[in-house]
Each structure stands twice: as C-alpha cells, then as structure tokens.
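Heads up, the sequence shown is in my numbering, so the first residue is 539 and it goes up one at a time. Working notes, beginning with the structure itself.
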Amino acid sequence: MKSLIAVALSLALAVPLQAGGPVVVVEEPPVVVEEGAASSKGLLPWLMVPLVLCIVMCGAEDDPD
539 MKSLIAVALS
549 LALAVPLQAG
559 GPVVVVEEPP
569 VVVEEGAASS
579 KGLLPWLMVP
589 LVLCIVMCGA
599 EDDPD
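Here it is, written out as structure tokens:
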C-alpha cells in the first residue's frame, strides 16, 4: 500500500514538471559595427575652430555714432 502511494505521489509531482514543454533557445546573430572613414573623424574640429575664431575676431563692433 505504501509503495502504491509513493508511486502515485511521484507521478503527481512529475507531471507539473513536464507541463512546461520544450525550451527553445534562439541565438541572435552578432551585431557587426562598421567603422566610418578615417578621414572624417577629425574633420569637424578643423572646421569649427576657424568658424569660432572668425565669429570672435570679426564680431560686430558697437561704434556709438
């Protein structure tokens, strides 16, 4: 009698463990980051420095006439 209860209890506990179904693992492809052209990396500071200097040096002068 105890063996029948033990078998029934083990079956009752095993059923919920199998109820989840298979686990499917999907691997995402690696992200490939492409580098930009090497000549464009330092172009913006070379354009901004003369622009800022021109704004400072050639700014509007307030002449009280």
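Ideal Cβ placement from N, Cα and C applies to all residues, glycine included.
DSSP, read as helix, strand or coil, puts V562 in coil. Bounds of the alpha helix (DSSP H) holding P588 are L581 to M595. For I593, same chain residues with a beta-carbon under 6 angstroms away, outside a window of 5 residues either side, do not exist. In this structure, the alpha-carbon of A550 lies about 12 angstroms from that of L542.
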